[in-house]
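These protein sequences, in sequence, are chains A and B. Take 1158 as the starting number for the first sequence in our numbering and just add one per residue. Take 13 as the starting number for the second sequence in our numbering and just add one per residue. Ideal placement from N, C-alpha and C gives every residue a C-beta, glycine not left out. Okay, structure first, notes after.
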Amino acid sequence: MSDIIKKNAWVAGLVALLFVLLVLTKAIQPSFGMSGLESVARAALPFAFATAGMAVVVIVGGIDLSVASMMAVCAVTAAVLMERMAGVPAILIVLGLGFVMGLINGGLIVLTRVPDIVVTLAMLFVWEGVALLILESPGGATTEWLKQSIRGSVIPFVPNALAIIALCVAVVWIPLRRSKLGISIYATGSDELAAFRSGVAVGRTKIVAYGVCGMFCAFGGLSLASLTGIGEPVPGPYLMASVAAVVLGGVVLGGGRGGLLGPIIAVLILRIVRTILTLLAVDPNVTTIIEGTIMVGVVMLGTAATLRGARK
Amino acid sequence: MNMATTDSSMVRFGRFLRDNPVIPLLAFLVLMIAVLEVIRPGIVTPFRAGRDGLISTFWVGNLIKFAIPLAMLAACQVLTMLTAGIDLSAGIVATVAAFVCATLSSIWGPVPAVLIAMSMGLVVGVVNGIGVGVVRVHPLIMTLGTGLIATGCMQVYQRLVINAGSEIPAVLSWLGTGRTFSMPNGLFLFVPFALFVFWLMRFTGFGRLLFALGSNENAAKLSGVRAWQVYVALYALSGLIAALAGLLYLGMIRQTSLSLASPLLLPSVAAAVIGGTSIFGGRGSFAGAIVGALIIRVLDTMLTLMQMPEGARTMLFGLIILTVTAIYVRITGSR
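Written as structure tokens, this is what we have:
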């Protein structure tokens, strides 16, 4: 019981931090309003999906280094398909592709018994190569309505991009978490051997968790394609960002704890920090350094905290 | 050793490969070269194409020349993999060192430029070492992160020196492009370097500590090893090696770019893995990695001759790492 309170306290703290940062942004730039919030949410879109995917595999006790590459594959596939066919079937194909790529990652981890970090490192390069094979240089096109859907806000005071994140994550995650599979994911993450002895199909659970991660990466790839209007075969900087957001969001590296709400709020926090640095007229390259330092710092603190927790 | 008689032949074969990774690797290298010769007759043996000579020294020299920087970066991976780590910042460190050296040598002269370039590698390495050894972040994540920060720093630095122009120190271009007896001059740097790494791994206490930490970290710690000091020294050394490789590569390419040595990173990991170094620690050899680097260069030539696109090559390297690791896990039954 106290564990639940503690977990919610962490999320509440993150929301408070987000709120403070928003007020700070408003104080620095009094004209920061709805349109500013909307552009933050839009830029956060691919990061949020990468983080959601990463959070699922971290909860199951693994890590997926290939998220950025899988997003690149999905983005170029979406751009190539949308040039030739209608938007909806293309989206469905891309989502299926993401799921299958995730299943391949998970399947290789379970079948070869090679540690996840090594398998997904190798797959990072495999998927990067696949993206380059599909589209050698940036190109393709994105359906117009998809590009429009992430702009503006249909519901007052809620940017569409934010609503899309909430909707996609809720549709995939909430039913999953309530199901038997969701319980198996948490069980496998907290103690694989105990889960196995309690009758959880550990291997299958892991594979499906990686599949879900792949599907979130497909959402991320679609959002990349609709943000830029084209497909870009080179993976973006989503790996470190998603690991940092997952750790900041209260998911323990090693598995079994945390949810998806915390990491997604953490993504927004990291994006707002970037906005604040831009508003302060910091050189964008210096911003990259500061961001990188924050991410490494967050991961370091998170790891140190996990170790202390393990020692107790 | 009488245990071995009861083991299955598969396990014995695995043990043989583990103990002597260089022998099958050399055979494989020769096989690859033979295949290359079949694909493009006369590339290795000029007499078949109507020219003089039994074996083209130019081709062999070229093969060795381009394998040297790869083998040096593979040394970073071998050393860190001995402790179950990895150094993914090596490619960026090499690039940073090359960039810093090229831009500073026109202002301050070659010697300070080289020294500053090397110290860049040392700084990144020490940060990696502190992250891995003291804070206990997973090496993969730590080195990725410092690589990210280093890239950002290089971009800021590039803005500052954009007008200064660049100059490649004469020593480096001599090492990188010159030839003595049709063998690349890079060997003058590489042979002492390789001997140093052999000596470090085989005959020093530091080398034994690396193997000990990789085999069983808890046991090593309980025997009184101060693990964090070893990690800091190891990653600092790895950073220095990466910077040195970057300098040599600069002399070879004679151009500065913000992604000079980054494409070498994955092949360097692949070279170490092919060379029989375990990514899980406790087992590895630099001789294997050197042969691994040669194999990768031959493979590269082959893929270029077959006009494989860039994507297929990247994919293939990923699959090689995965397959070799999976086979290792299967044969030896260990993780």
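Per DSSP, residue i forms a beta bridge with which residues?
i                : result
P196 of chain B  : B:R191
G1296 of chain A : A:G1388
Using 8 Å for Cβ pairs, my map puts residue i next to residue j. What's the rounded Cβ distance?
i                : j                : result
A1288 of chain A : S1226 of chain A : 7 Å
I1261 of chain A : L1379 of chain A : No, I1261 of chain A and L1379 of chain A are not in contact; Cβ-Cβ is about 19 Å, not under 8 Å.
F200 of chain B  : L187 of chain B  : 7 Å
A1207 of chain A : C1374 of chain A : 7 Å
G287 of chain B  : L37 of chain B   : 7 Å
Q167 of chain B  : T1445 of chain A : 7 Å
P1203 of chain A : G1377 of chain A : 5 Å
L334 of chain B  : V1276 of chain A : 6 Å
G1412 of chain A : G1346 of chain A : 3 Å
T1299 of chain A : A338 of chain B  : In fact, because the Cβ distance is near 38 Å, the residues do not count as touching under 8 Å.
T289 of chain B  : M93 of chain B   : 5 Å
L82 of chain B   : P204 of chain B  : Actually they are not in contact, since the Cβ atoms of L82 of chain B and P204 of chain B sit about 18 Å apart, beyond 8 Å.
P1313 of chain A : I1387 of chain A : At roughly 32 Å, the Cβ-Cβ gap does not stay under 8 Å, so P1313 of chain A and I1387 of chain A are not in contact.
So which residues of chain A does residue i contact, with C-beta pairs closer than 8 Å?
i               : result
R171 of chain B : D1440 and N1442
G143 of chain B : V1453 and M1457
V341 of chain B : T1269, R1270 and V1271
Could you name the residues of chain A that residue i contacts, counting a contact when the two beta carbons are closer than 7 Å?
i               : result
E322 of chain B : L1289
L311 of chain B : Chain A residues near L311 of chain B: none, gap ~14 Å exceeds 7 Å.
F329 of chain B : F1282
A338 of chain B : T1269 and V1271
T326 of chain B : F1282, E1285, G1286 and L1289
Whole angstroms is fine: what's the gap from residue i's alpha carbon to residue j's?
i                : j                : result
L184 of chain B  : C1370 of chain A : 47 Å
I67 of chain B   : I55 of chain B   : 9 Å
I80 of chain B   : L1417 of chain A : 46 Å
R1199 of chain A : A1243 of chain A : 23 Å
V1197 of chain A : V1424 of chain A : 10 Å
I1307 of chain A : E1448 of chain A : 25 Å
A1402 of chain A : G219 of chain B  : 37 Å
G1263 of chain A : W1330 of chain A : 18 Å
L134 of chain B  : A1351 of chain A : 44 Å
L246 of chain B  : A125 of chain B  : 24 Å
G1219 of chain A : L172 of chain B  : 42 Å
F208 of chain B  : G251 of chain B  : 16 Å
Y261 of chain B  : A254 of chain B  : 10 Å
T17 of chain B   : L1278 of chain A : Confidence at T17 of chain B is low in this model, with a pLDDT of 48, below 50, so the placement of that residue should be treated as unreliable; the coordinate-derived value is given next. Roughly 37 Å between the two C-alpha positions.
Y243 of chain B  : V136 of chain B  : 13 Å
V1359 of chain A : E1349 of chain A : 7 Å
P321 of chain B  : F1256 of chain A : 26 Å
L116 of chain B  : A1166 of chain A : 52 Å
A1382 of chain A : A1232 of chain A : 5 Å
L249 of chain B  : A87 of chain B   : 10 Å
L75 of chain B   : G330 of chain B  : 22 Å
L1145 of chain A : A1320 of chain A : There is no way to answer for residue 1145 of chain A, as the model of chain A reaches only from 1158 to 1469.
Y1395 of chain A : V1453 of chain A : 14 Å
N228 of chain B  : T158 of chain B  : 27 Å
L1384 of chain A : E1285 of chain A : 20 Å
I1426 of chain A : S271 of chain B  : 30 Å
V34 of chain B   : V90 of chain B   : 14 Å
I161 of chain B  : A1461 of chain A : 21 Å
E1195 of chain A : L1181 of chain A : 17 Å
G1210 of chain A : V1224 of chain A : 8 Å
A273 of chain B  : V1365 of chain A : 37 Å
For residue i, which residues in chain B fall below 7 Å Cβ to Cβ?
i                : result
T1460 of chain A : V147, R148 and V149
I1322 of chain A : In chain order: nothing, as chain B lies at least about 24 Å away.
G1449 of chain A : G157, L160, I161 and G164
Find the residues of chain B that neighbour residue i, judging by a C-beta separation of less than 9 Å, and give them in chain order.
i                : result
T1345 of chain A : In chain order: nothing, as chain B lies at least about 18 Å away.
T1208 of chain A : None at all; the shortest Cβ gap to chain B is about 15 Å.
E1293 of chain A : P321, E322 and G323
Counting only Cβ pairs nearer than 8 Å, list the residues of chain B close to residue i.
i                : result
I1446 of chain A : I161, G164, C165 and V168
Give me the chain A residues within the contact set of residue i, using Cβ-Cβ distance strictly less than 9 Å, ordered along the chain.
i               : result
V303 of chain B : Ordered by position in chain A, no residue passes the 9 Å Cβ test against V303 of chain B, which lies about 21 Å from the chain.
L315 of chain B : The contacting residues do not exist; L315 of chain B stays about 12 Å from chain A at best.
V136 of chain B : The premise fails here: V136 of chain B is roughly 12 Å from chain A at the closest Cβ pair, so nothing lies under 9 Å.
Please decide whether residue i counts as near chain E, where near means a Cβ-Cβ distance under 8 Å.
i               : result
I119 of chain B : No chain E is part of this structure, whose protein chains are labelled A and B.
Short of 8 Å Cβ to Cβ, which residues in the region 1269-1282 of chain A face chain B? T1269, R1270, V1271, P1272, I1274, V1275, V1276, L1278, A1279, M1280, L1281 and F1282
Chain A contacts from the region 233-248 of chain B (Cβ-Cβ distance under 7 Å): none
Identify each residue in the region 1393-1424 of chain A for which the Cβ-Cβ distance to at least one residue of chain B is less than 9 Å, and report them in chain order. P1394, L1396, M1397, V1400, A1401 and L1410
Members of the region 1243-1268 of chain A that neighbour chain B once the beta carbon cut-off is set at 9 Å: L1265 and L1268
Check each residue of the region 1226-1245 of chain A: if its Cβ is closer than 8 Å to any Cβ of chain B, include it; give the result in chain order. none
According to a CB-to-CB cut-off of less than 7 Å, which residues of the region 1351-1363 of chain A neighbour chain B? none
With 7 Å as the limit, tell me which residues of the region 78-104 of chain B have their beta carbon closer than that to any beta carbon of chain A; keep them in chain order. none
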